[in-house]
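Report on the structure given below.
2 protein chains.
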Amino acid sequence: MSAGLADAKILDEADPVRDFRRRFALPAGVIYLDGNSLGALPAATAPRLARAVETEWGEGLIRSWNDAGWIGAPARVGAKIARLIGAAAHEVIVADSTSVNIFKLLAAAARARPGRRVILTETGNFPTDLYVAAGAADALGLELRAVAPGAVMGTLDSDVACVLLTHVHYKTAARRDMAAVTAKVHAAGALMIWDLSHSAGAVEVDLRGCGADLAVGCGYKFLNGGPGAPAFLFVAEALLASLASPLTGWMGHAAPFDFSDDWRPAAGVGRFLCGTPPMLGLIALESAIDLWLEADRPAVWKKAARLWDLFADAARPLVERHGFELLTPAAAERRGSHIAFTHPNGYAVMHALIARGVIGDFREPDVLRFGLTPLYLSHQDVWRGARTLYEVMESGAWRDAPARAEGRVT
Amino acid sequence: MSAGLADAKILDEADPVRDFRRRFALPAGVIYLDGNSLGALPAATAPRLARAVETEWGEGLIRSWNDAGWIGAPARVGAKIARLIGAAAHEVIVADSTSVNIFKLLAAAARARPGRRVILTETGNFPTDLYVAAGAADALGLELRAVAPGAVMGTLDSDVACVLLTHVHYKTAARRDMAAVTAKVHAAGALMIWDLSHSAGAVEVDLRGCGADLAVGCGYKFLNGGPGAPAFLFVAEALLASLASPLTGWMGHAAPFDFSDDWRPAAGVGRFLCGTPPMLGLIALESAIDLWLEADRPAVWKKAARLWDLFADAARPLVERHGFELLTPAAAERRGSHIAFTHPNGYAVMHALIARGVIGDFREPDVLRFGLTPLYLSHQDVWRGARTLYEVMESGAWRDAPARAEGRVT
Chain B
-6 MSAGLADAKI
4 LDEADPVRDF
14 RRRFALPAGV
24 IYLDGNSLGA
34 LPAATAPRLA
44 RAVETEWGEG
54 LIRSWNDAGW
64 IGAPARVGAK
74 IARLIGAAAH
84 EVIVADSTSV
94 NIFKLLAAAA
104 RARPGRRVIL
114 TETGNFPTDL
124 YVAAGAADAL
134 GLELRAVAPG
144 AVMGTLDSDV
154 ACVLLTHVHY
164 KTAARRDMAA
174 VTAKVHAAGA
184 LMIWDLSHSA
194 GAVEVDLRGC
204 GADLAVGCGY
214 KFLNGGPGAP
224 AFLFVAEALL
234 ASLASPLTGW
244 MGHAAPFDFS
254 DDWRPAAGVG
264 RFLCGTPPML
274 GLIALESAID
284 LWLEADRPAV
294 WKKAARLWDL
304 FADAARPLVE
314 RHGFELLTPA
324 AAERRGSHIA
334 FTHPNGYAVM
344 HALIARGVIG
354 DFREPDVLRF
364 GLTPLYLSHQ
374 DVWRGARTLY
384 EVMESGAWRD
394 APARAEGRVT
Chain F
-6 MSAGLADAKI
4 LDEADPVRDF
14 RRRFALPAGV
24 IYLDGNSLGA
34 LPAATAPRLA
44 RAVETEWGEG
54 LIRSWNDAGW
64 IGAPARVGAK
74 IARLIGAAAH
84 EVIVADSTSV
94 NIFKLLAAAA
104 RARPGRRVIL
114 TETGNFPTDL
124 YVAAGAADAL
134 GLELRAVAPG
144 AVMGTLDSDV
154 ACVLLTHVHY
164 KTAARRDMAA
174 VTAKVHAAGA
184 LMIWDLSHSA
194 GAVEVDLRGC
204 GADLAVGCGY
214 KFLNGGPGAP
224 AFLFVAEALL
234 ASLASPLTGW
244 MGHAAPFDFS
254 DDWRPAAGVG
264 RFLCGTPPML
274 GLIALESAID
284 LWLEADRPAV
294 WKKAARLWDL
304 FADAARPLVE
314 RHGFELLTPA
324 AAERRGSHIA
334 FTHPNGYAVM
344 HALIARGVIG
354 DFREPDVLRF
364 GLTPLYLSHQ
374 DVWRGARTLY
384 EVMESGAWRD
394 APARAEGRVT
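Read top to bottom, the protein sequences are chains B and F.
The working numbering puts the first residue of the first sequence at -6, with every later residue one more than the last.
The working numbering puts the first residue of the second sequence at -6, with every later residue one more than the last.
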């Protein structure tokens, strides 16, 4: 290991956002390197949810839709998330899941480009993106064109209505150049849909600066909104009036409480709401976003890049001696905030590592992922995580891991 | 008032499910007659959610998808709800919102009836049903035929792919004959989609006994799942293999954690899942359903009908002396478990009533609704609620209510 624990300590002492670690309820004896899959629990969230349940629901009952501000939550939390992704407050709402929101935007984008029938996307993407695109193409009479990641831009033609890509890849953490890709897609006359699930909270995102059209993202990864937190959806102001959601539920209506028979979409991005907002999940998400908004975000993202360098440096012997292969691009601007390696015994290695209190995850067929979440990980955590992985390999302890269990999901 | 408080007391003493009232956290000084809109908080739900947040999320982190049974929750809670609606365990899942689930079933039903292009539904239904049907027709190239409630069966023809109706009407509480309607729709060669939002937990529902095809319903009304609780979706076993969801998110995949590029639907009703399950909402809903499953349900539904009779009886002077008009059918088998009246000053009357601690709700343009939830309302509650309404009218207190507030939602 080239960088030592002493170096990590020095980095921690100089860390301008180190105090945020105390704002999370982290279990003792665990180094949590899977916040890219499910973010940790902010300390304020449990009492906030208890109040939502006991006071707002229990005491306020139906009155809380007005009195506790429930009805405004999708727009209010959206406006807060907007500040993390370089959007205007009125361009973002919180609604449904990432999957459902991808469907909405694919349908809306295709309708906004009549005469063009192709949804263009990449193979090897997070599967829900591919599955939803396939299902949308099938249901809406469109054509799905899924090509290798490097071939996407080369197959942009005048048949393409919209391009769906993930900004930071869920497996490799490779990050696309959002401005450059968006510009090329625009030059081809298509609309661009970004999936920010592994970006929001992990790296700086500047949707307005990149001329982005449409985006979705996940509330439960780097944003720490809780398991199955509702997702967010962005529509650039210039496009709003011309886009229609196919999922025209009552919360997207201009006046839902008029209970009229006829659909009339809300003026703003609220037209992409559908059913009644999932308040418990929304309240947990808002609590986490409020914490995010306290942080010096450029400092957070600088720290994220430094944590990555530290892990990569500490992991060099794994590559040199133990058959690990780094999957993530090394240049800071070309990656997100997790680090991924392949190893032929990846499943057993991850199992042994988790048994030692260092939680990363395994993705088929041979990928080990480690989330480097800058709000609640110290440099020492990251160093110790990498060190434990090194020990698992040096000692051969991974050979004792049990056979792969059927039906376990992460 | 014909039935007196003494009669209500006698009914309470004889009530076989009266002990369930203590299993809810009801605010002091309130008679809550709006459980048809947002059900009350079960006492067990707050500690259950605290454990889910602090232990399962906070301590277990990503491991809880396996170790706390999160990943199985949509099917597990669905199987529990199945027992409340006369379905088999494997025919029901919990997912998304009622609105999103209506879209899924409309698209699936239309695909299963190729050559038929019409979605048939009724005007005046809960608006999300109408809006989603209109949006689905528009997006999928179908035709929406929305006719007056009494005209639906008369306009069934060979162009109709599916019929979407609500079992118990959200405003009037009128209940349709599920078996008879389903049989007529089948005879016309179409598929029937029931919205059970105001039925589940309110009245006996026997989906299998009625030969039902497809259904959706709401988790946060009579089921007490909490604000914006996830919804449920039913597909009859015989139809499962032939139906495809248009919202093909990763949780509906046969093997989501294989992360393959190609969509392959789960074998069962799980194919109608979409994104990552909203765990906080699901856990709150499960806690409420577990309480439901403890109750003697035939006794609960018998009590619901008795509460209705009691309110209607106590409200007779309002009809005779104060211009109230009963909207709900009087026959027990033709209604759900709320009671609705029209009154030209309905908004002001409801405002005055709420100010006196009796919470019902107002629906445009002139409807007062009172939910008669049998698990946590006593006969005395219902009698007192009706009595307070009578006093508001007799005293003219409703004339002091402030003018209608813009932007208040219930």
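Glycine included, C-beta positions come from ideal geometry on N, C-alpha and C.
Counted as a single uninterrupted DSSP element, the stretch harbouring residue 215 of chain B is not any beta strand (DSSP E), since DSSP gives it neither H nor E. For the options B:353, B:268 and B:389, the alpha carbon positioned closest to that of residue 120 of chain F is the one of B:268. By the rule that beta-carbons nearer than 8 Å mark a contact, residue 246 of chain B touches chain F. A direct Cα-Cα distance of roughly 32 Å separates residue 68 of chain F from residue 262 of chain B. The beta carbon of residue 248 of chain B sits closer than 8 Å to the beta carbons of 257 from its chain, once the five residues preceding and following it are set aside; these are given in chain order. Counted as a single uninterrupted DSSP element, the alpha helix (DSSP H) harbouring residue 178 of chain F occupies residues 171 to 180. For residue 36 of chain F against residue 13 of chain F, the beta-carbon gap comes to about 10 Å, at or over 8 Å, which does not count as contact.
In its chain, beyond the 5 residues on either side, 70, 73, 74 and 216 have a beta carbon closer than 7 Å to the beta carbon of residue 282 of chain F.
Cβ contact annotation for residue 221 of chain F (same chain, cutoff 7 Å, sequence separation greater than five): 213 and 274, in chain order. When DSSP states are grouped into helix, strand and coil, residue 162 of chain B belongs to the coil group.
By alpha-carbon distance to residue 163 of chain B, the top candidate from B:179, B:155 and B:115 is B:115. The alpha-carbon separation between residue 158 of chain B and residue 61 of chain B amounts to approximately 37 Å.
Look at the region 38 to 52 of chain F: the residues with a C-beta under 9 Å from a C-beta of chain B are 38, 39, 42, 43, 45, 46, 47, 49, 50, 51 and 52. For the pair residue 278 of chain F and residue 324 of chain B, the Cα-to-Cα distance works out to about 46 Å. Nearest CB-CB separation between residue 70 of chain B and chain F: not below the 8 Å threshold. In the three-state reduction of the DSSP assignment, residue 83 of chain B falls in the helix class, which pools H, G and I.
For the pair of segments examined, the region 292 to 306 of chain F was found not to touch the region 281 to 296 of chain B: the number of CB pairs separated by less than 8 Å stays below three. Chain-ordered, the chain F residues with CB closer than 7 Å to the CB of residue 124 of chain B read 241, 242, 243, 246 and 256.
Between residue 372 of chain B and residue 27 of chain B, the C-beta gap is not smaller than 8 Å, which leaves the two residues out of contact.
Residue 91 of chain F has a beta carbon lying within less than 8 Å of a beta carbon in chain B. CA-to-CA, the gap between residue -1 of chain F and residue 54 of chain B works out to about 29 Å. In the structure shown, the three-state DSSP call for residue 210 of chain B is strand. Under the 8 Å Cβ criterion, the region 316 to 332 of chain B does not count as touching the region 221 to 240 of chain B, having fewer than three qualifying pairs. DSSP places residue 72 of chain F in the uninterrupted alpha helix (DSSP H) bounded by 66 to 75. For residue 58 of chain F, no beta strand (DSSP E) run applies; the uninterrupted alpha helix (DSSP H) run containing it begins and ends at 57 to 60, by DSSP. Flagged as an interface residue toward chain F: residue 63 of chain B, by a C-beta distance shorter than 8 Å. Residue 310 of chain F and residue 39 of chain B have their alpha carbons spaced roughly 49 Å apart. For residue 138 of chain B, the uninterrupted beta strand (DSSP E) run begins and ends at 136 to 140, by DSSP. Measuring C-alpha to C-alpha distances from residue 284 of chain F to each of F:194, F:103 and F:46 identifies F:194 as the nearest. Taking the Cα positions, residue 160 of chain B is about 16 Å away from residue 92 of chain B. Within the model, the alpha-carbon separation for residue 86 of chain F versus residue 206 of chain B is close to 34 Å. Taking one beta carbon from each stretch, the region 342 to 350 of chain F and the region 375 to 394 of chain B have fewer than 3 pairs nearer than 8 Å; the two do not touch.
Those residues of the region 355 to 372 of chain F placed with their C-beta closer than 8 Å to a C-beta in chain B are 356 and 357, ordered along the chain.
Secondary structure in the region 297 to 339 of chain B: the alpha helix (DSSP H) runs of 4 residues or longer, each lying completely within the stretch, are 309 to 314 in chain order.
Partner residues in the beta bridge of residue 258 of chain F, as assigned by DSSP, are F:246. With its beta carbon at least 8 Å from every one in chain F, residue 186 of chain B lies outside the interface.
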